[in-house]
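Quick note on the working numbering: the sequence shown kicks off at 24 and runs consecutively.
For glycine and all other residues, C-beta sits at the position ideal for the given N, C-alpha and C.
Being a predicted model, the structure only gives us computed values, none of them experimental.
Notes follow once the structure below has been shown.
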Amino acid sequence: MACCRHLQAVPVTCSRHLQPSPHPGSTTFPKSNPNLPRSSHPAARQMSSRSVAPSLRRAAHRTRIPLLRTSFHSHQHPASASASASPPSPGPAELAILRAAYRHVPQHGFSRRALNLGARDAGYLDISPSVLPDGAFSLVRFHLETQRLALAHTSRALSGNQPGSALRSKVAAITWARLIANRDILHEWQDALAMMAQPGHLSDSLRELALLSDEILYLAGDESVDSSWYSKRASLSMIYSASELYMTTDRSPGFANTNRFLTSRLEEANLVGGLIGDLTTWTSFTANAAVNVLRSRGLPI
């Protein structure tokens, strides 16, 4: 009985820390079989529920802590399922064709003709654009991505001209710079919008719109860490789409009417101030802007 009491007082050691004894004749535990559950190990079965429960509680507490750390800014988000579903980046040949074809868009639009001319300029045969599975839409997407990425350089120039300016002013300036980037191809943009509204391309178009609004707010210095992170980006996506659609019919000098339209929509949304306090106002604004988004993507609403 004394021997048994002595054995019960010995602290139990987890089986994964037990090593075979180098001394012959000493007591050793058999090595764990990786194909068996850990609880099937003879040493593991000796662990009492009294010692296991606190360990599990401590482990569970440690695993819950990282879940409280949430990243709200675009550059902090890890690759997500939606990102993995994005279209692959074009290879060197495709990129050469797209760059050359883009120069023909003002004259020939976002079309197969522009792709054929771009292929010739890049040193490929006319049939080479067949390597682009989305056809002419690849050229539309190239325009969207190129102009979005160019905003980083544009925002640095704007920051130099407006040091210390308010977030709202920066958002308006960067958004306006992106709209103006459509100036040379604006006469072809209605056809591009119709192409973007096709079922096979709509998801890519809306994804690019979300990336654009996120980029604008990030470059403007938005540091939201609450639910306004989402509301601001949703609002800006709607405002940009409505302004883009308005711009296609604007004939005022320097698109002054579009600029005023953009400024008014930003003020209505109270974009920089955070969440819109009045739920009714927010719902009404969202509904109207959502219709404009769908219209700007070519849907007959």
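Taking residue i as part of the alpha helix (DSSP H), name the residues at either end of that continuous run.
| i | result |
| --- | --- |
| residue 127 | Element bounds for residue 127: n/a, residue is neither H nor E. |
| residue 136 | 135 to 144 |
| residue 223 | 222 to 243 |
| residue 205 | Where residue 205 is concerned, there is no enclosing alpha helix (DSSP H), given that its DSSP letter is neither H nor E. |
| residue 214 | 212 to 219 |
| residue 291 | 279 to 292 |
| residue 262 | 251 to 270 |
If distances are taken between C-alpha atoms only, which option among the options comes closest to residue i?
| i | options | result |
| --- | --- | --- |
| residue 181 | 275, 244 and 273 | 244 |
| residue 269 | 255, 206, 241 and 143 | 206 |
| residue 172 | 237, 290 and 248 | 237 |
| residue 216 | 159, 254, 276 and 130 | 159 |
| residue 220 | 239, 164, 242 and 255 | 164 |
| residue 189 | 246, 231, 208 and 227 | 246 |
| residue 263 | 276, 232, 191 and 209 | 232 |
| residue 227 | 166, 211 and 127 | 166 |
| residue 289 | 250, 222, 191 and 230 | 191 |
Assuming residue i contacts residue j (C-beta within less than 8 Å), just tell me the rounded distance between them.
| i | j | result |
| --- | --- | --- |
| residue 124 | residue 162 | 6 Å |
| residue 271 | residue 213 | 6 Å |
Roughly how many angstroms lie between the CA atoms of residue i and residue j, to the nearest whole one?
| i | j | result |
| --- | --- | --- |
| residue 235 | residue 257 | 11 Å |
| residue 197 | residue 266 | 13 Å |
| residue 86 | residue 274 | Here the model assigns residue 86 a pLDDT of 42, short of 50, so the residue's position is not dependable and the matter cannot be decided. |
| residue 115 | residue 157 | 17 Å |
| residue 255 | residue 141 | 39 Å |
| residue 240 | residue 149 | 41 Å |
| residue 154 | residue 132 | 19 Å |
| residue 340 | residue 119 | In the structure as shown, the chain starts at 24 and stops at 324, and residue 340 therefore has no counterpart that could be examined. |
| residue 193 | residue 252 | 16 Å |
| residue 248 | residue 242 | 16 Å |
| residue 218 | residue 147 | 26 Å |
| residue 224 | residue 276 | 33 Å |
| residue 111 | residue 279 | 38 Å |
| residue 260 | residue 117 | 29 Å |
| residue 211 | residue 177 | 24 Å |
| residue 130 | residue 292 | 37 Å |
| residue 195 | residue 138 | 34 Å |
| residue 229 | residue 121 | 21 Å |
Can you find a heavy atom of the ligand SAH that lies under 7 Å from the Cβ of residue i?
| i | result |
| --- | --- |
| residue 178 | In the structure shown, the ligand SAH is absent, as is every other ligand, since no ligand is present at all. |
Within the chosen definition, does the segment 191 to 203 reach the segment 276 to 291 through at least 3 CB pairs nearer than 8 Å? Enough Cβ pairs lie closer than 8 Å, so yes.
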